[in-house]
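Trainee: Just dropping this structure here.
There are 2 protein chains.
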Amino acid sequence: MKKQLTDRQDDILRFIHHFRNENGYPPTLREIGKKFEIASTFGVKRHLDALEKKGYLNVESNASRGISLQPFENDAIIDTTNNFTKIPIIGHVAAGIPITAIENIDGSLVIDSSFMKHSESCFALRVKGDSMINAGIFEGDLVVVLPKKDAANGETIVAMLEDEVTVKTFEIKNKKVRLLPANEKYQPIDVTGRKEFSVVGKVVGVVRWLN
Amino acid sequence: MKKQLTDRQDDILRFIHHFRNENGYPPTLREIGKKFEIASTFGVKRHLDALEKKGYLNVESNASRGISLQPFENDAIIDTTNNFTKIPIIGHVAAGIPITAIENIDGSLVIDSSFMKHSESCFALRVKGDSMINAGIFEGDLVVVLPKKDAANGETIVAMLEDEVTVKTFEIKNKKVRLLPANEKYQPIDVTGRKEFSVVGKVVGVVRWLN
DNA sequence: ATTTGTAGTGAACAAATGAGCACGTAATGA
DNA sequence: TCATTACGTGCTCATTTGTTCACTACAAAT
Chain W
622 MKKQLTDRQD DILRFIHHFR NENGYPPTLR EIGKKFEIAS TFGVKRHLDA LEKKGYLNVE
682 SNASRGISLQ PFENDAIIDT TNNFTKIPII GHVAAGIPIT AIENIDGSLV IDSSFMKHSE
742 SCFALRVKGD SMINAGIFEG DLVVVLPKKD AANGETIVAM LEDEVTVKTF EIKNKKVRLL
802 PANEKYQPID VTGRKEFSVV GKVVGVVRWL N
Chain A
622 MKKQLTDRQD DILRFIHHFR NENGYPPTLR EIGKKFEIAS TFGVKRHLDA LEKKGYLNVE
682 SNASRGISLQ PFENDAIIDT TNNFTKIPII GHVAAGIPIT AIENIDGSLV IDSSFMKHSE
742 SCFALRVKGD SMINAGIFEG DLVVVLPKKD AANGETIVAM LEDEVTVKTF EIKNKKVRLL
802 PANEKYQPID VTGRKEFSVV GKVVGVVRWL N
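So, in structure tokens, the structure goes:
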């Protein structure tokens, strides 16, 4: 676990990330200073020293713009130069706790930005069980989820049901709501009006890795 | 289409990409010169001017290390800072033409480097047909392929068969080689000793995107 | 025959840049 | 109370770095 940053240090670290993503190269001490109205390069330098000490970046001595950043752990990152988006993988999901709460995050997944038409708020979940194999979703796959509170008929969704999350096909017919597995071994689940049921989001992607 | 580079310019462009990925910041003129044994910074500068003119990078005047790179179109990129790998998506595959020939490339796919234990030589193919739906590989999915010339029993592979590429399960039993579809609608294909058959590689990943 | 583009040397220069010192303020916790 | 940490100024200095000039050389295209 990395050490806690002060507000000021956090601001500066974010600025450096942003600057590098925008320009392709890191800022100088004076460019940082200008942004934060720190007149002396020495003041900036000590912020960098602190950030380096706490493990967020490395500074190459005597090299101009010699800042190399350590990767973020939890944040969504969108890189327009290389066209990727980094989304969090949610480890355990529990009712009541916001799904993207930092404690839940189990890693990150980098995917192509061209997939992410749906802004940047997606997250990923690792699938347990085999109830969706006929939809090509296997145990261990990562499903990419676009958060939504409702769903349309036939959509593949992630639902919260009695403190558990499941992936199912959403069916609404004659005002009855059912969750359909895609595996003959399982039965549809009628959730019409059940309080312990809610829609978490819609499955927009599947990523599987073998071995 | 970007303009053609000379060998020298291409070498230098690749070095800058590599340097930036390794260090997090671009090289100086003298660092480039040292690598290529160009004694004068002016010699290096004119290479950068040429690369800028041809649209491969931008140079910020009077800014040290002020090189910002245009994204590659076709090459594999590995970024250690943000932990991603960019692999080419192969459009059409034809016998005789090297599979990663530039003409074949149809885009690129960014994926998480943690998936890429298999060095960096992978590429992706878009799946046509439904012969592997029981293996969770659907039409339109992208399969990530690790190039190999042989396969083990039971592996999901990409094979070249009579000028067509297909995804199948590889079976070798009693010295007979068959390609097994994962769909009841199709029959196994016996390819024992057939000349028009070759293994392209092993499927190591599947990426599906909905909508 | 001349232009254009590529590729390089060597030197000189100004600007950009990081390092360092002495000094000051404020908040926090032991 | 004292030590520590965070945060800042103003300044100097040495180094790094990009810019520019004059000159050479070769190949391809016009």
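Sequence order for the protein chains is W and A.
Residues 622 to 832 (this note's numbering) make up the first sequence, in order.
Residues 622 to 832 (this note's numbering) make up the second sequence, in order.
Using N, Cα and C, we set each Cβ at its ideal position, and we do this for glycine too.
What you are looking at is a predicted structure, and each value in this text was computed from that prediction instead of being measured.
1) Quick one: grab the DSSP three-state call for residue 772(A).
2) Taking Cβ-Cβ distances below 9 Å as the criterion, which residues of the region 664 to 698 of chain W are in contact with chain A?
3) Residues of the region 623 to 653 of chain A in Cβ contact with chain W at a cutoff of 7 Å, in chain order, please.
4) Report the CB separation of residue 638(W) from residue 672(W) in whole angstroms; it is logged as a contact under 8 Å.
5) Is the Cβ of residue 901(W) closer than 9 Å to any Cβ of chain A?
6) Whose C-beta lies closer than 7 Å to the C-beta of residue 749(W) among residues of the same chain, with five residues either side of it excluded?
7) So who's on the other strand from residue 829(A), going by DSSP bridges?
8) Near residue 827(A), which residues of its chain fall below 8 Å by C-beta distance, leaving aside the five closest residues on each side in sequence?
9) If we call anything under 9 Å between Cβ atoms a contact, is residue 817(W) one with residue 782(W)?
10) By DSSP's criteria, residue 634(A) is part of a beta bridge. Which residues make up the other side?
11) In whole angstroms, give me the CA-to-CA distance for residue 831(W) and residue 777(A).
12) What number of angstroms, rounded off, separates the C-alpha of residue 820(W) from the C-alpha of residue 670(A)?
13) Can you name the residues of chain W whose CB is closer than 9 Å to the CB of residue 657(A)?
14) Taking Cβ positions only, does residue 711(W) come closer than 9 Å to chain A?
15) For a contact meaning CB atoms closer than 9 Å, what does residue 793(A) contact in chain W?
16) Within 10 angstroms of the Cβ of residue 683(A), are there 16 or more other Cβ atoms? Answer buried if so, exposed if not.
17) Taking C-beta to C-beta, are residue 636(W) and residue 666(W) nearer than 9 Å?
18) Thinking just about the alpha-carbon of each residue, which of 799(W), 803(W), 753(W), 754(W) is nearest to the one in residue 815(W)?
19) Roughly how many angstroms separate the alpha carbons of residue 642(A) and residue 664(A), rounded to a whole number?
20) Quick check: is the beta carbon of residue 777(A) nearer than 9 Å to any beta carbon in chain W?
21) Kindly indicate if chain W contains any beta-carbon less than 9 Å away from that of residue 771(A).
22) Identify which residue in 640(A), 628(A), 829(A) has its Cα closest to the Cα of residue 653(A).
23) Which residues of chain W have a Cβ atom closer than 8 Å to the Cβ of residue 750(A), listed in chain order?
24) Where residue 685(A) and residue 730(W) are concerned, what is the direct C-alpha to C-alpha distance, given to the nearest angstrom?
25) Hey, quick one: how far does the beta strand (DSSP E) through residue 778(W) stretch, first residue to last?
26) Mind checking whether residue 786(A) and residue 824(A) have CB atoms under 9 Å apart?
27) Given this structure, state the Cα-to-Cα distance separating residue 676(W) from residue 625(W), to the nearest angstrom.
28) Please list the partners that residue 822(W) has in chain A, where partner means a Cβ-to-Cβ separation under 9 Å.
29) Can the beta-carbon of residue 644(A) be found closer than 9 Å to that of residue 658(W)?
30) Residue 790(A) to residue 775(W), Cα distance in whole Å?
31) Measure from the alpha carbon of residue 771(A) to the alpha carbon of each residue in 793(A), 752(A), 751(A), 754(A), then state which is nearest.
32) Cβ of residue 648(W) within 9 Å of Cβ of residue 687(W)?
33) Cα separation between residue 660(A) and residue 633(A)?
34) Within 10 angstroms of the Cβ of residue 802(W), are there 16 or more other Cβ atoms? Answer buried if so, exposed if not.
35) Per DSSP, which residues does residue 811(A) bridge with? Please list them.
Mentor: Looking at the atomic coordinates:
1) Translated into the one-based positions of the second sequence, residue 772(A) becomes position 151. The three-state reading of DSSP puts residue 772(A) in coil, since its state is none of H, G, I, E or B.
2) In summary, the residues of the region 664 to 698 of chain W whose CB is separated from some CB of chain A by less than 9 Å are 678, 679, 681, 684, 685, 686, 687, 688, 689, 690, 691, 692, 693, 698, in the order they occur in the chain.
3) 644, 645, 646, 647
4) Counting from one through the first sequence, the residue named residue 638(W) turns up at place 17. Counting from one through the first sequence, the residue named residue 672(W) turns up at place 51. So it is not a contact: roughly 11 Å between Cβ atoms.
5) Residue 901(W) cannot be examined here, being either before or after the span of chain W that is shown, 622 to 832.
6) Counted from its first residue, the first sequence places residue 749(W) at position 128. Around residue 749(W): 760.
7) Position 208 of the second sequence, counting from 1, holds the residue named residue 829(A). Answer is 827(W), bridged to residue 829(A).
8) As a working note, residue 827(A) is residue 206 in the second sequence. Closer than 8 Å at Cβ, skipping near neighbours: 757, 758, 762, 763, 764, 765.
9) Residue mapping note: residue 817(W) aligns to position 196 of the first sequence, counting from 1. Residue mapping note: residue 782(W) aligns to position 161 of the first sequence, counting from 1. Yes, the Cβ-Cβ distance between residue 817(W) and residue 782(W) is below 9 Å.
10) Taking the second sequence and counting its residues from 1, the one referred to as residue 634(A) is at position 13. DSSP output for residue 634(A) lists no bridge partner at all.
11) The residue given as residue 831(W) occupies position 210 in the first sequence. The residue given as residue 777(A) occupies position 156 in the second sequence. For residue 831(W) and residue 777(A), the distance between alpha carbons rounds to 10 Å.
12) As a working mapping, residue 820(W) is identified with position 199 in the first sequence. As a working mapping, residue 670(A) is identified with position 49 in the second sequence. Taking the straight line from one Cα to the other gives about 55 Å.
13) To locate residue 657(A), count along the second sequence from 1; it is residue 36. Per Cβ cutoff of 9 Å: no residues; residue 657(A) is ~19 Å from chain W at best.
14) On the first sequence, position 90 is the one that residue 711(W) refers to. No, no contact with chain A.
15) Counted from its first residue, the second sequence places residue 793(A) at position 172. Those do not exist, as residue 793(A) stays about 19 Å from chain W at its closest Cβ, beyond 9 Å.
16) Residue 683(A) sits at position 62 when you count from the first residue of the second sequence. Residue 683(A) is exposed by the Cβ-count criterion.
17) Walking along the first sequence from the start, residue 636(W) turns up at place 15. Walking along the first sequence from the start, residue 666(W) turns up at place 45. Not closer than 9 Å, so no.
18) Here residue 815(W) is taken as the residue at index 194 of the first sequence, counted from 1. Here the closest residue by C-alpha is 799(W).
19) Within the second sequence, the letter at position 21 stands for residue 642(A). Within the second sequence, the letter at position 43 stands for residue 664(A). So the alpha carbons of these two residues sit roughly 24 Å apart.
20) As a first step, residue 777(A) is located in the second sequence; it is residue number 156 there, counting from the start. Yes, residue 777(A) lies at the interface with chain W (some Cβ there is under 9 Å from its Cβ).
21) The residue labelled residue 771(A) in the question sits at position 150 within the second sequence. For residue 771(A), the answer is no, since every Cβ of chain W falls outside 9 Å of its Cβ.
22) For the purposes of this step, residue 653(A) is taken as the residue at position 32 of the second sequence. Nearest of 640(A), 628(A), 829(A) to residue 653(A), Cα basis: 640(A).
23) Reading the second sequence from its first residue, position 129 is the one you call residue 750(A). Residues of chain W passing the Cβ test: none, with the nearest at roughly 14 Å.
24) The count along the second sequence starts at 1 and reaches residue 685(A) at position 64. The count along the first sequence starts at 1 and reaches residue 730(W) at position 109. Straight-line Cα distance between these residues: approximately 33 Å.
25) Position 157 of the first sequence, counting from 1, holds the residue named residue 778(W). Residues 777 to 782.
26) The sequence position of residue 786(A) within the second sequence is 165, counting from 1. The sequence position of residue 824(A) within the second sequence is 203, counting from 1. Result no, Cβ atoms of residue 786(A) and residue 824(A) do not sit closer than 9 Å.
27) Start at 1 with the first residue of the first sequence, and residue 676(W) comes out as number 55. Start at 1 with the first residue of the first sequence, and residue 625(W) comes out as number 4. If I take the Cα positions, the gap works out to 10 Å.
28) Numbered from 1 along the first sequence, position 201 holds the residue referred to as residue 822(W). Those within 9 Å of residue 822(W) in chain A number zero; the least Cβ separation is about 12 Å.
29) As a working mapping, residue 644(A) is identified with position 23 in the second sequence. As a working mapping, residue 658(W) is identified with position 37 in the first sequence. Contact flag unset, no.
30) Stepping through the second sequence from its first residue, residue 790(A) is reached at position 169. Stepping through the first sequence from its first residue, residue 775(W) is reached at position 154. For residue 790(A) and residue 775(W), the distance between alpha carbons rounds to 30 Å.
31) Locating residue 771(A) in the second sequence gives position 150, counting from the first residue. The shortest C-alpha separation from residue 771(A) is found at 793(A).
32) By one-based count along the first sequence, residue 648(W) stands at place 27. By one-based count along the first sequence, residue 687(W) stands at place 66. Result no, Cβ atoms of residue 648(W) and residue 687(W) do not sit closer than 9 Å.
33) The residue you call residue 660(A) lines up with position 39 of the second sequence. The residue you call residue 633(A) lines up with position 12 of the second sequence. Residue 660(A) and residue 633(A): Cα-Cα distance of roughly 15 Å.
34) In the first sequence, residue 802(W) corresponds to position 181, counting from 1. Using a 10 angstroms sphere on the CB of residue 802(W), the tally of other CB atoms reaches 16 or more, which defines it as buried.
35) In the second sequence, counting from the first residue as 1, residue 811(A) sits at position 190. Residue 811(A) is bridged to 799(A).
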